[in-house]
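Under our numbering, the first residue of the sequence shown carries the number 64, and numbering increases by one thereafter.
Even glycine gets a Cβ: it sits at the ideal position worked out from N, Cα and C.
Keep in mind that this is a model prediction, so the values were computed, not measured.
Following: one structure in structure tokens, then a few remarks.
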Amino acid sequence: MPRKIFHMLVLFILVSFHTWAQGPLKWAANGSSYYKSEAGEITQYNLPDNKKQVIITKKQLTPEGQTKSLQIRSFQFSVDESKLLIYTNTRKVWRYDTRGDYWLLDKMSGSLKQLGKTLPAASLMFAKFSPDGNKVAYVSNYNIYVEDIANGAITALTKDGNRKFINGTFDWAYEEEFFCRDGFRWSPDSKQIAFWQIDARSTKDYLMINNTDSIYPVAVPVEYPVAGEAPSPYKIGVIDIASAAIKFMNIPTDAVLQSYVPRMEWAGNSNELILQHLNRKQNESTILLCNVGTGNSNMVYNEKDSAWIDILPLWDNDYTNGGWDWLNGGKEFLWATEKDGWRHLYRISRDGKKEILVTVGNYDVMDIVRIDEKNNQLYFMASPVNATQKYLYRIKLDGKGKAEMISPAAQPGMHDYEVSADAKYALHNFSNYYTPPVTEWISLPDHKGLNGENKVNDAVAKADKKASAVEFFKVTTTEGVEMDGWMVKPENFDATKKYPVVFYVYTEPWGQNVKDEFGVEQNFLYKGNMAKDGYIYISIDNRGTPVPKGRAWRKSVYRKIGLVNIKDQAMAAKEIFKWNFIDTSRVAVWGWSGGGSATLNLMFQYPEIYKTGIAVAAVGNQLTYDNIYQERYMGLPQENRQDFVNGSPITYAKNLKGNLLYIHGTGDDNVHYNNTEMLINELVKHNRQFQLMSYPNRTHSISEGPGTFAHLSTLFTNYLRQYCPPGAKPNTSTGNERKAGF
């Protein structure tokens, strides 16, 4: 179902790759140094010695008449690095704090001034310099503004924006499912701005009810098109900065079903735009070049899939803020497709008449890391042998060669890299299930630590594999489906006894659970130590999860979410039950969001297997979720409504036999609370007893409000211990069960 929000909550316990690097870095224009925000200052590190220099002090970031410096949320330099934008005083918009205040620092004069001072406080979004460094554009209250740096003049480039008519940013569905937030782009000549305009006036509102912040309830509307509802129509416009005149592009669309434009950029010049156009079902992708003078569009590339087509930001986070990979001086671009059964990269000519396969082989490209056109090299992430791991590879950009693994073979696990523009240096992050996170600076392509350091090698050598409780395994069902899994056994495990098992699930196209990374086994909601208390803890990645096993693996769930993924999990559990130390009378399952939906389906469709379930923020009825996500994987309800019914937990609620705890926030703007009430009605109808915990006015993360996490964790732990008691019990079996080979 929806995005894997529960995985974000693991940050309560685990440290992410980006945190290891002590905050995101920004490469300097010279390619051999980078900037960071540290302790309220901007610092620069020069490679290879990695020597630190403070270039912007707190004093420089202290507004006149104030005693405190600006708190830096993020920053950006102008192209010539003479000016600096500071983003501060931020506010959350749905998931992320994408509005706030922007301040401009002129490094030469030392002047510091706030931008958009005539606009409401903390209302500016996505401020960015014009390429010539003379202006800054931003969005405020659904309109686009440009501010002249020299004289401070602010010009409204659009004036018709409101909550339902959106300029330069997006509605809820585009933001959530296409990662579209920043909705405008400067032209290379600084004379124009291209932007999205979203018309949500005909899109129905979901009304969330805030019962806690005032005596009288307050309705909180969210424009939210559910499956079967038409998307909010879009337009792509180009604004002339001098006159504020707008020219809209002519983009073919279906007048009834509508369509999407999830990506749009200037096409390497100031005369054309390039964009990706998706049909409503998201199984046909067309690349269009648009002439900004005439507005006419021309198709340069087209692809169709019998299931769906993933957009680039779905699997490569570097593209969530835009970008297009041009090659050969703008005559070609790099493009990803799964048309040969694997996710591969191609060079596509600007006119679409020529394409060259760059990445060749039976593997999936997992990330695009760096294009080093000067040296005819492409750096990317892949894992051809082990789907639980990730490694850096490179291959010749002209497609004439084989992929070369750059990550050391002696470092098995999950690698992550931030590579300099010239591909000479990289920040390397690593962990595996027995090696805690470690970061180092390396040179490329030799992958040697700078200044003689070998931090990752040393960490792997010192790590004690036996000290980790995690065991990876493969399980094959009676249908011949082989799946990866991990397991943590109880402390002082005795194979002659029987133990309860807890399955941790997600199962849908947005979540991979089984990764060879440190802390993967942590249950952030469990208050205590599951292994110490006597639980076996297991997670398995079924078909349909986004693991690098090829297109067929990932898209086998098309129009069958809630069936194929659920059956895979259940059949895997049956194989696991053949291990003679599993107590099949004590079997629990839990998950959040899509994992909550899977938990419900497993409890309802396979009640003979799963005795206890804890479902958090689950979609009970697929017809309630947003159209972009649900239709991508399930088709259109107008054409195959029964598939949505067949995959929905509510359809099988009458089969509940075990112990169910359902948890949901009433202020969830993602998976709306009506899922809970629909499910309650169905369970009540069939006299199925369960327990419910509603968290008032909490969102999908159930993280707001004092004491919330402690309460949630305590609730989860107490329920699990009560209905799936931990600890070993004597094995009274006949001894004919198959033994596990661990």
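First and last residue of the uninterrupted beta strand (DSSP E) at residue i
{"i": "Trp573", "result": "Premise fails: Trp573 is in no beta strand (DSSP E) and is neither H nor E."}
{"i": "Gln705", "result": "Gln705 -> not in any beta strand (DSSP E); alpha helix (DSSP H) instead, spanning Pro700 to Gly710."}
{"i": "Gln754", "result": "Gln754 to Tyr758"}
{"i": "Tyr725", "result": "Asn722 to Gly728"}
{"i": "Asp689", "result": "Premise fails: Asp689 is in no beta strand (DSSP E) and is neither H nor E."}
{"i": "Ser602", "result": "Ile599 to Asp604"}
{"i": "Asp435", "result": "Asp430 to Asp435"}
{"i": "Ala219", "result": "Ile217 to Ala219"}
{"i": "Arg784", "result": "No beta strand (DSSP E) contains Arg784, which is instead part of the alpha helix (DSSP H) from Thr771 to Tyr786."}
Coil, strand or helix - residue i by DSSP
{"i": "Lys298", "result": "strand"}
{"i": "Ala84", "result": "Bear in mind that a pLDDT of 28 at Ala84, under 50, signals an unreliable position, so the number given afterwards is only what the model happens to contain. Looking at Ala84 - three-state DSSP - the assignment turns out to be coil, as it is neither helix nor strand."}
{"i": "Trp549", "result": "strand"}
{"i": "Tyr208", "result": "strand"}
{"i": "Trp378", "result": "coil"}
{"i": "Phe536", "result": "strand"}
{"i": "Asp557", "result": "coil"}
{"i": "Glu238", "result": "helix"}
{"i": "Ala791", "result": "coil"}
{"i": "Glu580", "result": "coil"}
{"i": "Glu286", "result": "strand"}
{"i": "Ala716", "result": "helix"}
{"i": "Trp616", "result": "helix"}
{"i": "Phe443", "result": "strand"}
{"i": "Thr275", "result": "coil"}
{"i": "Tyr426", "result": "coil"}
{"i": "Val324", "result": "strand"}
{"i": "Asp223", "result": "coil"}
{"i": "Lys623", "result": "coil"}
{"i": "Ile309", "result": "strand"}
Close Cβ partners of residue i (< 7 Å) along its chain, the five nearest in sequence each way excluded
{"i": "Trp779", "result": "Checking the sequence shown, residue 779 turns out to be Phe, not Trp. Cβ neighbours of Phe779 beyond the five flanking positions: Leu588, Tyr589 and Ile677."}
{"i": "Trp90", "result": "Tyr97, Ser483 and Ala484"}
{"i": "Glu395", "result": "Arg410, Ile411, Ser412 and Arg413"}
{"i": "Ser619", "result": "Arg606, Gly607 and Val627"}
{"i": "Lys367", "result": "Asn346 and Glu347"}
{"i": "Arg281", "result": "Reading off the sequence, residue 281 comes out as Val, not Arg. Cβ neighbours of Val281 beyond the five flanking positions: Asn273."}
{"i": "Thr647", "result": "Phe640"}
{"i": "Ala92", "result": "Glu144"}
{"i": "Tyr736", "result": "His727 and Thr729"}
{"i": "Lys402", "result": "Glu366"}
{"i": "Pro251", "result": "Pro194, Trp329, Asn332 and Ser333"}
Extent of the continuous alpha helix (DSSP H) run through residue i
{"i": "Gly657", "result": "Gly657 to Gln668"}
{"i": "Trp259", "result": "It is not in any alpha helix (DSSP H) - Trp259 instead sits in the beta strand (DSSP E) that spans Gln255 to Asp262."}
{"i": "Ile629", "result": "Val627 to Ile639"}
{"i": "Leu455", "result": "That residue, Leu455, is in no alpha helix (DSSP H); its beta strand (DSSP E) goes Tyr454 to Lys459."}
Beta-carbon spacing of residue i, residue j below 8 Å
{"i": "Ile374", "j": "Pro325", "result": "yes"}
{"i": "Glu580", "j": "Gly654", "result": "no"}
{"i": "Asp262", "j": "Phe228", "result": "yes"}
{"i": "Val816", "j": "Leu686", "result": "Not covered by the structure: residue 816. The range shown for the chain is 64 to 805."}
{"i": "Gln255", "j": "Val301", "result": "yes"}
{"i": "Asn492", "j": "Asp479", "result": "yes"}
{"i": "Glu516", "j": "Val551", "result": "no"}
{"i": "Ser602", "j": "Tyr567", "result": "yes"}
{"i": "Lys170", "j": "Lys146", "result": "yes"}
{"i": "Trp504", "j": "Leu88", "result": "no"}
{"i": "Val428", "j": "Arg457", "result": "no"}
{"i": "Gly683", "j": "Met741", "result": "yes"}
Cβ shell of residue i (< 6 Å), same chain only, five flanking positions each side left out
{"i": "Gly659", "result": "Ala678, Val679, Ala680 and Ala681"}
{"i": "Asp435", "result": "Ala486"}
{"i": "Arg44", "result": "Nothing can be reported for residue 44, as the shown portion of the chain is limited to 64 through 805."}
{"i": "Phe805", "result": "At Phe805 the pLDDT is 42, less than 50, meaning the model places this residue with poor confidence and gives no usable figure here."}
{"i": "Thr451", "result": "Asp547, Val577, Lys578 and Asp579"}
{"i": "Pro553", "result": "Tyr562, Ala594 and Gly597"}
{"i": "Asn722", "result": "Thr675 and Tyr786"}
{"i": "Ala803", "result": "Because Ala803 sits at a pLDDT of 46, beneath the cut-off of 50, its placement in the model cannot be relied upon, and the following sentence gives the value as read from the coordinates. Cβ within range, chain order: Trp642."}
Spatial neighbours of residue i in its chain, beta-carbon cut-off 8 Å, leaving aside the 5 residues before and after
{"i": "Leu507", "result": "Tyr442, Ile469, Val482, Ala486, Lys487, Tyr488 and Ala489"}
{"i": "Gly385", "result": "Asp245, Arg248, Arg326 and Glu328"}
{"i": "Ala838", "result": "Lying outside 64 to 805, the shown extent of the chain, residue 838 is not represented and no answer is given."}
Test: residue i CB closer than 8 Å to a CB of chain C
{"i": "Pro315", "result": "Among the chains in the structure shown there is no chain C, since it carries only a single protein chain."}
Ordered list of beta strand (DSSP E) runs contained in the segment 97 to 122, each at least 3 residues: 104 to 109 and 114 to 119
At 3 residues or longer, and completely inside the segment 462 to 532: list those beta strand (DSSP E) runs for me, N to C. Every unbroken stretch of the beta strand (DSSP E) spanning 3 or more residues and falling wholly within the segment 462 to 532 is given here in chain order: 477 to 482, 488 to 495 and 498 to 506.
Scan the segment 124 to 200 and note each continuous alpha helix (DSSP H) run of 4 residues or more that stays entirely inside, going in chain order. None, since the segment 124 to 200 contains no complete alpha helix (DSSP H) of that length.
Return the chain-ordered ranges of every beta strand (DSSP E) run that is complete within the segment 379 to 423 and spans a minimum of 3 residues. You should have 395 to 400, 407 to 412 and 418 to 420.
To test your reading of the DSSP string, which unbroken alpha helix (DSSP H) runs of 4 or more residues are found completely within the segment 329 to 379? none
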